[in-house]
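Position 175 of the sequence shown, counted from 1, bears residue number 177 in UniProt numbering, the numbering being contiguous throughout.
All C-beta atoms in this analysis are idealised placements derived from N, C-alpha and C, irrespective of residue type, glycine included.
What follows is one structure encoded as structure tokens, with my remarks underneath.
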Amino acid sequence: NHKIVVAIDGHSSCGKSTIAKAVAARFGYIFIDSGAMYRAVTLFALRKQLISEGLVKVQELIDLLPTIQIDFRYNAEKQKSDTFLNGENVEDEIRQLPVSQNVSPVAAIAEVRAAMVRLQQEMGKDKGIVMDGRDIGTVVFPDAELKLFVTASAEIRAQRRFDELTAKGETVSYEEILQNVQERDHIDSTREASPLRKADDALVLDNSYLTREEQLDWVIEKVKERL
Ligand code: C5P
3 NHKIVVAIDG HSSCGKSTIA KAVAARFGYI FIDSGAMYRA VTLFALRKQL
53 ISEGLVKVQE LIDLLPTIQI DFRYNAEKQK SDTFLNGENV EDEIRQLPVS
103 QNVSPVAAIA EVRAAMVRLQ QEMGKDKGIV MDGRDIGTVV FPDAELKLFV
153 TASAEIRAQR RFDELTAKGE TVSYEEILQN VQERDHIDST REASPLRKAD
203 DALVLDNSYL TREEQLDWVI EKVKERL
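What follows is the structure, given as structure tokens:
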């Protein structure tokens, strides 16, 4: 019974997690949303007032890294995992704009990345895992059997995120979200520590005009070819 590692990277809000979750469910694999971990660190930093006007007190945050504990716990009712920060369920809070607007500078800190990558590699040591993020195929699991690079136009991604937040009852503007998506793309792709880039051996999935079912069928086929 051969298990593989599936690494899914790509731009912000292009549906990586949705695909990753569905693939994991299909094969009985663990699903890990690595972005949730950077979001949890960002929430921690915001609460400790270590971020003001987009500027992070880097050394203070690094010093506090050993006090940050992040884990995922399965929520049977929602049939998905919730993200916990030092024992508190922060799943909803880490998806809101204050965190989205500050997560990229936090994720650009090399020491933060080193700590998260260590945790992620530990989670994947037995394989049978689907992880999505920005550096999974390039840094976290360079030997992953299947690597995908997912993308779609910024406008389409912003519209999807807008629909998602609006459906949850949040009041947000499309313009604000588009700006956030573009800003994160820029910071994530140009940062020095593990910038977002396609691994040489990753398959590209542009899902601008694909339905969820079409994407899932395609990915499932790719997984099967590697089992
Ligand atoms: O995937 P998501 O959009 O929730 O990730 C939030 C942010 O976390 C990204 O914009 C990026 O700055 C950072 N991130 C990262 N490396 C990962 C996953 C996320 O730098 N593997």
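inquiry  = Just to confirm the assignment, what range does the alpha helix (DSSP H) spanning residue 2 have?
reply    = Not covered by the structure: residue 2. The range shown for the chain is 3 to 229.
Proximity to residue 191 [Cα-Cα], best of 113, 100, 135, 53 = Nearest C-alpha to residue 191 among 113, 100, 135, 53: 135.
ask   = Does ligand 1 have a heavy atom nearer than 7 Å to the CB of residue 190?
value = Residue 190: yes, Cβ under 7 Å from ligand 1.
request  = Take residue 141 and list the residues in its own chain whose beta-carbon comes closer than 7 Å to its own, dropping the five residues that flank it on each side.
outcome  = Closer than 7 Å at the Cβ level, and outside the excluded window around residue 141, lie 119, 196.
query = First and last residue of the beta strand (DSSP E) that includes residue 12?
reply = For residue 12, the enclosing beta strand (DSSP E) begins and ends at 7-12.
key: Which listed residue (17, 224, 219, 193) has its alpha carbon closest to that of residue 111   = If we check each option's Cα against that of residue 111, 193 comes out closest.
query = So is residue 210 buried or exposed if we call it buried at 16+ other beta carbons inside 10 Å?
reply = Exposed, because fewer than 16 other Cβ atoms sit within 10 Å of the Cβ of residue 210.
Of the residues 208, 156, 55, 212, the one placed nearest residue 185, counting alpha carbons only = Residue 156 is the option with its Cα nearest to residue 185.
ask   = What are the boundary residues of the alpha helix (DSSP H) that includes residue 23?
value = 18-29 is the span of the alpha helix (DSSP H), which, as asked, contains residue 23.
The stretch 171-187 in contact with the stretch 32-43 per 3-pair CB rule at 8 Å = Using a Cβ-Cβ distance cut-off of 8 Å, the stretch 171-187 and the stretch 32-43 are not in contact, since fewer than three pairs of beta carbons, one from each stretch, lie closer than that value.
query = Do you know whose CA, among 167, 69, 127, lies nearest residue 96's CA?
reply = Minimum Cα distance to residue 96 is reached at 167.
inquiry  = Measuring straight from C-alpha to C-alpha, what distance separates residue 148 and residue 128?
reply    = The alpha-carbon atoms of residue 148 and residue 128 are separated by roughly 15 Å.
ask   = What are the boundary residues of the beta strand (DSSP E) that includes residue 75?
value = Its beta strand (DSSP E) spans residues 72-77.
query = Should residue 17 be counted as a contact of ligand 1 given a C-beta to heavy atom distance under 7 Å?
reply = False, no ligand heavy atom lies under 7 Å from that Cβ.
ask   = So does residue 41 have its beta carbon nearer than 7 Å to some heavy atom of ligand 1?
value = The answer is yes for residue 41.
message = By the DSSP assignment, the alpha helix (DSSP H) with residue 153 in it spans what residues?
response = Counting along the chain, residue 153 falls outside any alpha helix (DSSP H), though it belongs to the beta strand (DSSP E) covering 148-153.
inquiry  = Please list the terminal residues of the continuous beta strand (DSSP E) segment that includes residue 207.
reply    = Its beta strand (DSSP E) spans residues 205-208.
ask   = Start and end of the beta strand (DSSP E) containing residue 33?
value = Its beta strand (DSSP E) spans residues 32-35.
inquiry  = I'd like to check one pair, residue 108 with residue 69: are the Cβ atoms closer than 8 Å?
reply    = Between residue 69 and residue 108, the C-beta spacing is not below 8 Å.
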